[in-house]
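Visitor: Heads up, the sequence shown is in the numbering used here, so the first residue is 668 and it goes up one at a time.
The C-beta atom is built at its ideal place from N, Cα and C for all residues, glycine as well.
Small disclaimer: the values here were computed from a predicted structure and weren't measured.
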Amino acid sequence: MTEVEETDTRTRLLEAAADLIAAAPGEDFSLRAVCDAAGVKMPTLYHFFGNKQGLIEAVVERGFDMYLSAKSSTESSGDPIHDLRLGWDAHVAFGLENPGFYTLMYGKVRPGYSPEAQSKPTEILRGLTRRAEQEGRLVVGHEQAAAHVLATNIGVTLRLIIQGRHDPELSAGVREGVLAAITGTGQSEPGGERLGHAVIERAAAHPEILGETETQLLIQWIGRLGDV
Numbered sequence: 668m669t670e671v672e673e674t675d676t677r678t679r680l681l682e683a684a685a686d687l688i689a690a691a692p693g694e695d696f697s698l699r700a701v702c703d704a705a706g707v708k709m710p711t712l713y714h715f716f717g718n719k720q721g722l723i724e725a726v727v728e729r730g731f732d733m734y735l736s737a738k739s740s741t742e743s744s745g746d747p748i749h750d751l752r753l754g755w756d757a758h759v760a761f762g763l764e765n766p767g768f769y770t771l772m773y774g775k776v777r778p779g780y781s782p783e784a785q786s787k788p789t790e791i792l793r794g795l796t797r798r799a800e801q802e803g804r805l806v807v808g809h810e811q812a813a814a815h816v817l818a819t820n821i822g823v824t825l826r827l828i829i830q831g832r833h834d835p836e837l838s839a840g841v842r843e844g845v846l847a848a849i850t851g852t853g854q855s856e857p858g859g860e861r862l863g864h865a866v867i868e869r870a871a872a873h874p875e876i877l878g879e880t881e882t883q884l885l886i887q888w889i890g891r892l893g894d895v
């Protein structure tokens with residue numbers, strides 16, 4: 668078997684496993700069914716993955732590779748809070764388009780264990796909340812903000828997978844509630860601070876109104892006024 672053929676066979680096995688998982692999220696699946704779907708014999712599966720756990724871990728790793736590839740194709744808006752909004756939507760879209768991979772990536776949990784591959788997208792998220800903290804946009808620490816976003820983003824995505832359909836209003840409502848909580852726009856503040864936060868986040872959420880350059884300037888100016 669050539670290297671290309673091996674890669675193709677391995678990919679077919681991974682995708683067959685992901686499809687079976689997607690068909691019955693949370694339920695067990697048989698290695699025989701995976702082999703039948705991929706059109707290979709059982710020894711071939713053992714050759715690539717060793718055992719069932721090895722196959723599951725490989726599916727998880729491939730899922731995160733696909734997820735990171737999708738995220739890397741999304742350009743930054745230049746605003747960390749708006750990028751959190753874009754990242755949230757991309758996360759939900761990936762889960763709905765790839766429920767088999769997603770339910771293994773985020774739905775099957777073991778206490779105290781987090782897949783190594785999960786650390787990469789989490790660091791991207793922390794990078795955004797760290798930037799937001801440095802710009803004075805958060806009312807909580809950047810790690811806590813990232814935890815809030817990740818926990819609710821996963822919860823909404825799993826809920827939508829269970830429902831079997833997208834619910835834009837639910838996703839957007841929870842997303843904006845979380846962003847309001849970490850930026851302080853949903854809390855009681857002195858009038859000027861509350862207004863400043865509200866204007867900043869309104870501008871960041873809709874950069875098309877003023878234009879990207881003007882939006883960034885507005886955010887910087889209001890931030891400077893808040894330091895006075």
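1. Name the one or two DSSP bridge partners that arginine 777 has.
2. Return helix, strand or coil for histidine 809, following the three-state DSSP convention.
3. Is the stretch 779-799 in contact with the stretch 700-707, if contact means three or more CB pairs nearer than 8 angstroms?
4. With H, G and I counted as helix, E and B as strand and the rest as coil, what does DSSP make of serine 629?
5. For my contact list, leucine 805 and threonine 819 are in at a C-beta cut-off of 8 angstroms; report their separation, rounded to the angstrom.
6. Under DSSP, the alpha helix (DSSP H) around valine 701 begins and ends at which residues?
7. Would you mind sorting aspartate 765 into buried or exposed? The rule is 16 or more other CB atoms within 10 Å of its CB.
8. Please classify histidine 833 as buried or exposed, where buried requires at least 16 other C-beta atoms within 10 Å of its C-beta.
9. Look at the alpha carbon of alanine 684 and the alpha carbon of glycine 767, and state the distance between them as a whole number of angstroms.
10. What is the rounded straight-line gap between the Cα of lysine 708 and the Cα of phenylalanine 715?
11. Touch check for the stretch 722-734 and the stretch 814-830: three-plus C-beta pairs under 8 angstroms?
12. Consult DSSP for glutamate 694 and reduce its assignment to one of helix, strand or coil.
13. Expressed to the nearest angstrom, what Euclidean distance is found between the alpha-carbon atoms of proline 857 and threonine 850?
Guide: So, from the data block:
1. Tyr780
2. helix
3. no
4. With the chain covering only 668 through 895, there is no way to say anything about residue 629.
5. Not a contact, Cβ separation roughly 16 angstroms.
6. 698-705
7. Looking at the sequence shown, residue 765 is not aspartate but asparagine. Counting Cβ neighbours within 10 Å, asparagine 765 comes out buried, since at least 16 surround it.
8. exposed
9. 8 angstroms
10. 12 angstroms
11. no
12. coil
13. Any reading at proline 857 must be qualified, since the residue scores a pLDDT of 45, below 50, and its modelled position is unreliable; the value itself is stated next. If you take the alpha carbons of proline 857 and threonine 850, they lie about 14 angstroms apart.
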